[in-house]
Amino acid sequence: MGHGRIDLDGTAFDLQSTLESGQTYLWWRDDGEDYDSTYGGDDWYLTTTRATDDPGVIKVRQRNGALEYRSNVDAEPVLRRRLGLDDDLPAIRASVPNAEVIQDAYDEYWGMRIVREPAFGCVISFICSAQMRVSRIHGMQQSLREAFGTAIEFEGDSYHAYPTPEQLAVATEQQLRDLSLGYRAPYVQRTAEMVADGDDPTEATGLGYEAARELLTRYVGVGDKVADCVLLFSLGYLEAVPLDTWIRTAIEEYFPDCEQGNYTDTSRAIREQLGGEYAGYTQTYLFHYLRNDGPES
DNA sequence: CCCCAGGCACCTC
DNA sequence: GAGGTGCATGGG
Numbered sequence: 005m006g007h008g009r010i011d012l013d014g015t016a017f018d019l020q021s022t023l024e025s026g027q028t029y030l031w032w033r034d035d036g037e038d039y040d041s042t043y044g045g046d047d048w049y050l051t052t053t054r055a056t057d058d059p060g061v062i063k064v065r066q067r068n069g070a071l072e073y074r075s076n077v078d079a080e081p082v083l084r085r086r087l088g089l090d091d092d093l094p095a096i097r098a099s100v101p102n103a104e105v106i107q108d109a110y111d112e113y114w115g116m117r118i119v120r121e122p123a124f125g126c127v128i129s130f131i132c133s134a135q136m137r138v139s140r141i142h143g144m145q146q147s148l149r150e151a152f153g154t155a156i157e158f159e160g161d162s163y164h165a166y167p168t169p170e171q172l173a174v175a176t177e178q179q180l181r182d183l184s185l186g187y188r189a190p191y192v193q194r195t196a197e198m199v200a201d202g203d204d205p206t207e208a209t210g211l212g213y214e215a216a217r218e219l220l221t222r223y224v225g226v227g228d229k230v231a232d233c234v235l236l237f238s239l240g241y242l243e244a245v246p247l248d249t250w251i252r253t254a255i256e257e258y259f260p261d262c263e264q265g266n267y268t269d270t271s272r273a274i275r276e277q278l279g280g281e282y283a284g285y286t287q288t289y290l291f292h293y294l295r296n297d298g299p300e301s
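With positions in the first sequence counted from 1, the corresponding number in this note's numbering is that position plus 4.
Right under this line is the structure:
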């Protein structure tokens with residue numbers, strides 16, 4: 005409770021890369037700046053939690069080799085899980101292939117972790133991600149908070165929790181379209197309704213990887229790619245490799261033999277190519293590196 | 001004006 | 001199962 009400090013003990017950790025690399029849209033920066041602008045270490049990242057009946061607020065920043073946090077809930081275990089603090093990054097890197105582009109990506113953003121975000125918010129935000137830029141996906145989640153989330157006061161400031169399944173299930177398609185969700189509006193509404201009616205996305209946990217992915221695609225607006233994002237960024241399936249436009253371009257350019265003409269077989273091939281067990285880690289380093297440092301930028 | 005963005009549902013065959 | 005099409009919105 006209250007405020008605290010997690011000593012990183014010299015282990016590699018990069019809060020900005022972890023939270024601004026398009027893995028999660030459930031945090032924001034209290035300087036009001038758009039993501040991708042410089043992070044000096046003085047600004048807090050914020051998120052909300054529903055670990056109890058009342059929503060909580062967590063503020064965290066990285067300074068002087070530690071994570072400082074302030075919260076009205078028991079934040080440390082939540083941060084450890086959500087920020088992947090217990091992942092053995094050197095062991096993970098030891099499992100990846102020696103391709104130059106991969107090593108460059110790890111060098112450039114060393115310390116970035118894979119997040120494990122709350123499943124409902126992860127599902128909804130990646131439904132919103134279809135054919136959409138990172139900054140707008142993030143903006144949509146902020147709009148959903150303000151329109152439908154429970155207001156919270158913390159340390160004299162007012163915030164909105166991410167909406168619950170019940171709160172989004174009663175939204176109308178038109179209300180969601182008015183928030184610029186476009187054709188994703190009915191997907192969000194119908195999936196929220198499914199979850200509110202008891203269809204819990206965390207039920208996939210424990211299944212084999214491909215069975216878990218298949219199970220998640222029962223939600224409206226969730227295909228193979230979004231399901232992989234939920235497995236990787238919420239449910240802890242570090243082998244999941246979401247095949248998005250960026251990674252498909254990378255497959256063409258660097259691993260053309262992995263293109264198999266359909267999602268399942270291409271997924272198996274690239275997963276093997278990227279080291280198997282932790283392939284999703286490498287995918288996320290590649291995604292972040294190519295998007296920020298690729299030939300286009 | 002164009003093209004594109006962390007795709008998906010739905011329709012054919 | 002594979003292949004094509006429509007879909008909202010905003011930024012370059």
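Just so it is clear, CB atoms sit at the ideal spot from N, CA and C, and this is done for glycine as well. What you are looking at is a predicted structure, and each value in this text was computed from that prediction instead of being measured.
query, result
"Best match in Tyr282, Leu290 and Tyr293 for proximity to Pro94 [C-alpha to C-alpha]", "Tyr282"
"Residue nearest to Ile156 in terms of C-alpha spacing, selected from Thr53, Gln179 and Arg86", "Thr53"
"Cβ-based burial, Tyr285 [other Cβ within 10 Å; buried from 16]", "buried"
"Beta-carbon spacing of Ser75, Gly88 below 8 Å", "no"
"Complete runs of the alpha helix (DSSP H) confined to the region 76-138 [at least 4 residues]", "79-86, 93-98, 104-112 and 123-131"
"Nearest-angstrom Cα separation, counted from Gln20 out to Gly115", "10 Å"
"Alpha carbon of His142 to alpha carbon of Pro260, nearest angstrom", "32 Å"
"Local Cβ density within 10 Å of Gly44, reported as buried at 16 or more and exposed below that", "exposed"
"With 16 other Cβ atoms within 10 Å as the buried cut-off, status of Ser301", "Residue placement at Ser301 cannot be trusted, given a pLDDT of 46 that sits under 50; what the coordinates show is reported in the next sentence. When all chains shown are included, Ser301 counts as exposed."
"Gly6 versus Asp78: straight-line alpha-carbon distance, rounded", "8 Å"
"Straight-line Cα distance separating Tyr258 from Ile274", "11 Å"
"Nearest neighbour of Phe237, chosen from Glu104, Phe17 and Ile128 [CA to CA]", "Ile128"
"Separation of Asp161 from Thr154, as counted between CA atoms", "14 Å"
"Minimum length 3: unbroken beta strand (DSSP E) runs contained in the region 202-245", "none"
"Proximity of Arg33 and Leu71 at Cβ, strictly below 8 Å", "no"
"Leu50, enclosing beta strand (DSSP E) - first and last residue", "Tyr49 to Thr53"
"Reduced DSSP category for Ser301 - H, G, I as helix; E, B as strand; rest coil", "Any reading at Ser301 must be qualified, since the residue scores a pLDDT of 46, below 50, and its modelled position is unreliable; the value itself is stated next. Three-state result, Ser301: coil."
"Spatial neighbours of Gly265 in its chain, beta-carbon cut-off 8 Å, leaving aside the 5 residues before and after", "none"
"Cβ-Cβ separation, Asp58 to Asp47 (assumed contact under 8 Å), whole Å", "Not really, about 26 Å apart at Cβ, beyond 8 Å."
"Pick from Tyr241, Thr253 and Leu219 that is closest to Arg295, judged by C-alpha positions", "Thr253"
"For Gly280 and Glu243, believed in contact at Cβ under 8 Å, the rounded distance", "6 Å"
"CB-CB length for Ala123 against Leu239, believed under 8 Å", "7 Å"
"Whole-angstrom distance between Glu170 and Val119, CA atom to CA atom", "25 Å"
"Same chain, Cβ closer than 8 Å to Tyr113, five either side skipped, listed in chain order", "Asp18, Ser21, Ser25, Tyr289, His292 and Tyr293"
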